Amino acid sequence: MHRIRAACEQGDPLLQNIVEIDETYIGGKEKNKHSKKKLHAGRGPVGKQAVGIRERDTGSVRASAVSDTTRATLHSMVVENVETGSTVYSDEHKGYIGLNLLGYVHQSVNHSAKEFVNEMAHTNGIESVWAVLKRGYNGVYHHMSKKHLGRYVDEFSFRLDQGNVKIHTLVRISSIAKGMLGKRVTYKALIGK
Numbered sequence: 001m002h003r004i005r006a007a008c009e010q011g012d013p014l015l016q017n018i019v020e021i022d023e024t025y026i027g028g029k030e031k032n033k034h035s036k037k038k039l040h041a042g043r044g045p046v047g048k049q050a051v052g053i054r055e056r057d058t059g060s061v062r063a064s065a066v067s068d069t070t071r072a073t074l075h076s077m078v079v080e081n082v083e084t085g086s087t088v089y090s091d092e093h094k095g096y097i098g099l100n101l102l103g104y105v106h107q108s109v110n111h112s113a114k115e116f117v118n119e120m121a122h123t124n125g126i127e128s129v130w131a132v133l134k135r136g137y138n139g140v141y142h143h144m145s146k147k148h149l150g151r152y153v154d155e156f157s158f159r160l161d162q163g164n165v166k167i168h169t170l171v172r173i174s175s176i177a178k179g180m181l182g183k184r185v186t187y188k189a190l191i192g193k
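Here it is, written out as structure tokens:
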């Protein structure tokens, strides 16, 4: 399965026009964990997070597991995946402040004030990506290790990216098979020894 997930790595074309960006935290809440498993790093899920960007017009998705959600991390995610001059919609996370200085039009919504739509600004599209990822977490995998989180995020991004466009199933299977070429995932790499 990890070899298939490795084949799901996302392509090169930059997202453009109107995009939505959001971060999510994956895994159980600290308060529900056994004392030996707690990370003691604050409240809510910690340690496993991902950032995703979704293009509104095409539904294309770029997402990756990240070590933190600081401004530097979020800004580099935008610069690497979104064409300059595009409009970026986000929530009020402080890491998104300053995107306009990088050449993007930036608008946000304030979820903590129960504002989910501000004119054209909303993050509903990328939130649906996280909903599918978390349904997979809860319903299929039950656990996603921090080490392999990037592969799981790639898998679900690929599913949504390829599923939202009108591509025949055989073409999707073919693109996964082509993605496997030259990508060997050894047992040693899987277990980290």
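FYI, the UniProt record's numbering numbers position 140 of the sequence shown as 140, with every residue one higher than the one before it. In this text, a Cβ means the ideal position worked out from N, Cα and C, and glycines have one as well. In this text the structure is predicted, and so the values were computed from the model without any measurement.
Runs of alpha helix (DSSP H) wholly within the stretch 57 to 110 (minimum 4 residues, chain order): Complete alpha helix (DSSP H) runs here, min 4: 71 to 81.
Would you call the CB atoms of Y89 and E20 closer than 8 Å? Taking the sequence shown and counting its residues from 1, the one referred to as residue 89 is at position 89. Taking the sequence shown and counting its residues from 1, the one referred to as residue 20 is at position 20. Closer than 8 Å, so yes.
Which of helix, strand or coil DSSP assigns to E127: Indexing the sequence shown from 1 puts residue 127 at position 127. Correct three-state label for E127: helix.
For I173, the three-state DSSP class (helix, strand or coil): Locating residue 173 in the sequence shown gives position 173, counting from the first residue. I173 falls in the helix class under three-state DSSP.
Relative to the C-alpha of T69, which candidate in N100, A121, D91 has its C-alpha closest? The sequence position of residue 69 within the sequence shown is 69, counting from 1. Between T69 and the set N100, A121, D91, the nearest pair of CA atoms involves D91.
Across the stretch 101 to 108 and the stretch 60 to 74, are there enough close Cβ pairs to call them in contact, namely three or more that are closer than 8 Å? no
Buried or exposed by the 16-neighbour rule on C-beta atoms within 10 Å, applied to R62: Residue 62 sits at position 62 when you count from the first residue of the sequence shown. Burial is judged here by how many other beta carbons sit within 10 angstroms of a residue's own beta carbon; R62 has at least 16 and is buried.
Nearest CA to the CA of A121: which residue from V129, W130, S128, N110? As a position in the sequence shown, residue 121 is number 121, starting the count at 1. When only C-alpha atoms are compared, the closest one is N110.
Measuring CB to CB, does S64 end up less than 8 Å from V51? Position 64 of the sequence shown, counted from the first residue, corresponds to residue 64. Position 51 of the sequence shown, counted from the first residue, corresponds to residue 51. Taking 8 Å as the Cβ cut-off, S64 and V51 qualify as a contacting pair.
Residue span of the beta strand (DSSP E) that contains I18, given as start and end: Stepping through the sequence shown from its first residue, residue 18 is reached at position 18. Note, I18: beta strand (DSSP E), 18 to 25.
Rounded to a whole number of angstroms, what is the C-alpha to C-alpha distance between Y25 and Y152? Taking the first residue of the sequence shown as position 1, residue 25 is located at position 25. Taking the first residue of the sequence shown as position 1, residue 152 is located at position 152. Each residue's alpha carbon lies about 13 Å from the other.
Straight-line Cα distance separating I126 from E55: Counting from one through the sequence shown, the residue named residue 55 turns up at place 55. Counting from one through the sequence shown, the residue named residue 126 turns up at place 126. Rounded to the nearest angstrom, the two C-alpha atoms are 9 Å apart.
Whole-angstrom distance between G150 and V132, CA atom to CA atom: By 1-based counting over the sequence shown, the position of residue 132 is 132. By 1-based counting over the sequence shown, the position of residue 150 is 150. Cα to Cα, the separation comes out at about 15 Å.
Using DSSP bridges, identify the partner residues of G52. One-based indexing of the sequence shown puts residue 52 at position 52. According to DSSP, which records beta bridges pairwise, G52 is partnered with D22, A63.
Between the beta-carbon of N81 and the beta-carbon of L15, is there less than 8 Å? In the sequence shown, residue 81 corresponds to position 81, counting from 1. In the sequence shown, residue 15 corresponds to position 15, counting from 1. In this structure, N81 lies near L15, with their beta-carbon atoms less than 8 Å apart.
Can you grab the Cα-Cα spacing for the pair D57 / T87, in whole Å? Reading the sequence shown from its first residue, position 57 is the one you call residue 57. Reading the sequence shown from its first residue, position 87 is the one you call residue 87. Rounded to whole angstroms, D57 to T87 spans 12 Å at the Cα level.
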